[in-house]
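Residue numbers (the working numbering), protein chains in the order written: chain U, 1 to 304; chain B, 305 to 481.
Remarks on the structure that follows.
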């Protein structure tokens, strides 16, 4: 019966959930041991550094608390103005700090990570996970005390984005797609230079990046570029796709709020059919150095 | 009371947690995803080679289910090939003789290569993760030997644990009453 169920794919969600719940206590234990034992042992050799670092962090925390208080006042004023104009008020999403328990799942094939927040903390499927630099990913599975997050670099990730253009410029939207394996070989300055069109110039239908600019960017090519697809032709005709244009979430992707930085546009070109274009995007988040994250939970959830 | 089941469950859960938590082995050449060493099939190898067929199938089933669940794979991707490997392993093994370490390593390599190839074939047929042959070969070279080494170590550890728990007797080939 088990084999029949497996062959028909029945109970897959139950299987995933059960596996995640069964392994979470051990993973959390390993994380506790790492933080409790190794970190403390290391602190013995770095006591003086730790003291100065603590003072620096305390100052930063105080500054951030002041900023948060100001931003809360601004948000309240914004909602009052919106209600007086008859516009719907914005839904407040509170950041819930979280840490990574593991990366890549059990096989390392997917670009994902597991965080130590789950249903008990108010996390839901579809919630955005962010860090100070920008969008990290989206929650795709939730357990009681943990959650699986699909990173924006995963090949199955699709995020609706828009270009952060000056006020008055038309809105340019696209769908951000994770590069996954395909772009691994392009994550070098030389790779990007080879990918740039030979007739680099101001041609409206084929905007590229000058070779000198590419060579100035090698330090940024530690992450794999993403792809921004379905860019409207009008954006090419009007010359709106300048290199290093900031890209943010549009707010049209379910529970991901708009305005969260995603990356910078490196280059863009029109597809052969002439209807849409595609661009390469450098992610804003350095995933190799990612430590502190937060889940944006809705008003119904609980914040720490 | 025999402790076969608790030992098996504990071994599989520890292997699952380690497999999920430990970082993968990066591939500097292609900068591709850091694939992880598969520890669950390595634990199942002990039961396939050295324990009764019921326990071998049970371990293979649970190891496959856990791998598919934690790796977000379609159900049956790892379970079915692992069950097939368990049936073949039980049919052709000789559990009355002690196995040298090198032989365990070799049999572990064969099993893990079969599991890896089945997983990749399944993913390619479903068009979930098409990869070049070179990338697949690079991943296989990175992950299978370490997993075979772990299988050899796990074999020795689980043998000792089963002896201590009196699940097996010291006379090879005789299960404890």
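Glycine residues also receive a C-beta, built at the ideal position from the N, C-alpha and C atoms.
Counterpart residues of residue i in DSSP-defined beta bridges
i                     : result
residue 115 (chain U) : U:100 and U:147
residue 261 (chain U) : U:248
residue 137 (chain U) : U:129 and U:151
residue 269 (chain U) : U:278
residue 69 (chain U)  : DSSP lists no partner for residue 69 (chain U).
residue 175 (chain U) : U:160 and U:229
residue 295 (chain U) : U:96 and U:129
residue 283 (chain U) : U:263
residue 142 (chain U) : U:147
Neighbour list for residue i in chain B, Cβ cutoff strictly below 7 Å
i                     : result
residue 32 (chain U)  : Under the 7 Å cutoff, chain B gives no residues; its nearest Cβ is about 12 Å from residue 32 (chain U).
residue 110 (chain U) : 376
residue 96 (chain U)  : Going along chain B, no residue has its Cβ under 7 Å from residue 96 (chain U), so there is no contact; the nearest lies around 22 Å.
residue 15 (chain U)  : 369, 372, 373 and 379
Nonlocal neighbours in the same chain, by C-beta distance under 6 Å from residue i, ignoring five residues either side
i                     : result
residue 306 (chain B) : 471
residue 42 (chain U)  : none
residue 440 (chain B) : 424
residue 182 (chain U) : Because residue 182 (chain U) carries a pLDDT of 41, less than 50, the predicted location of this residue cannot be relied on, and the following value inherits that uncertainty. Excluding sequence neighbours, residue 182 (chain U) sits near nothing in its chain.
residue 107 (chain U) : none
residue 256 (chain U) : 128 and 249
residue 319 (chain B) : 343, 344 and 347
residue 261 (chain U) : 134, 248 and 284
residue 310 (chain B) : none
residue 409 (chain B) : 452 and 456
residue 172 (chain U) : 163, 235 and 240
residue 460 (chain B) : none
residue 341 (chain B) : 447, 450 and 451
Residue i: contacting residues in chain U (beta-carbon distance under 7 Å)
i                     : result
residue 327 (chain B) : 103
residue 321 (chain B) : 23, 26, 27 and 30
residue 370 (chain B) : 19
Proximal residues to residue i (C-beta, below 7 Å), its chain only, five neighbours per side dropped
i                     : result
residue 253 (chain U) : 159 and 160
residue 379 (chain B) : 372
residue 330 (chain B) : 338
residue 422 (chain B) : 385
residue 110 (chain U) : 104 and 154
residue 246 (chain U) : 164, 261 and 264
Contacts of residue i in chain U (Cβ-Cβ under 8 Å)
i                     : result
residue 394 (chain B) : What residue 394 (chain B) touches in chain U: nothing, since even the nearest Cβ is about 16 Å away.
residue 347 (chain B) : Ordered by position in chain U, no residue passes the 8 Å Cβ test against residue 347 (chain B), which lies about 13 Å from the chain.
residue 317 (chain B) : 22, 23 and 26
residue 466 (chain B) : Those do not exist, as residue 466 (chain B) stays about 21 Å from chain U at its closest Cβ, beyond 8 Å.
9 Å Cβ cut-off: residues of chain B touching residue i
i                    : result
residue 39 (chain U) : Ordered by position in chain B, no residue passes the 9 Å Cβ test against residue 39 (chain U), which lies about 16 Å from the chain.
Near the ligand SAH: residue i beta-carbon under 6 Å from a heavy atom
i                     : result
residue 286 (chain U) : Absence of the ligand SAH is noted for the structure shown, with no ligands found whatsoever.
Under 8 Å from the C-beta of residue i: neighbouring residues of chain B
i                    : result
residue 20 (chain U) : 373 and 374
Per-residue contacts from residue i into chain U (C-beta, under 9 Å)
i                     : result
residue 308 (chain B) : Residues of chain U passing the Cβ test: none, with the nearest at roughly 19 Å.
residue 339 (chain B) : 104, 107, 108 and 109
residue 398 (chain B) : Under the 9 Å cutoff, chain U gives no residues; its nearest Cβ is about 27 Å from residue 398 (chain B).
Contacting residues, own chain, Cβ-Cβ under 8 Å from residue i (five flanking each side not counted)
i                     : result
residue 27 (chain U)  : 101, 102, 114 and 146
residue 273 (chain U) : none
residue 117 (chain U) : 96, 98, 123, 145, 146, 147 and 295
Minimum Cβ-Cβ distance from residue i to chain C less than 7 Å
i                     : result
residue 365 (chain B) : The chain inventory of the structure shown lacks chain C, comprising the protein chains U and B.
* **Contact residues within the segment 352–363 of chain B, judged by C-beta distance below 7 Å to chain U** => none
* To do: Mind listing, in chain order, the continuous beta strand (DSSP E) runs of no fewer than 3 residues lying wholly within the segment 322–386 of chain B?
  => 329–331 and 336–339
* Asked: Listed from N- to C-terminal order along the chain, which residues in the segment 448–462 of chain B have their beta-carbon within a distance smaller than 7 Å of any beta-carbon of chain U?
  -> none
* **Whole beta strand (DSSP E) elements within the segment 8–67 of chain U, 3-residue minimum** => none
* **Positions along the segment 109–141 of chain U whose CB lies within less than 9 Å of some CB in chain B** => 109, 110, 111, 112, 114, 140 and 141
* **Complete beta strand (DSSP E) runs within the segment 397–461 of chain B (minimum length 3 residues, chain order)** => none
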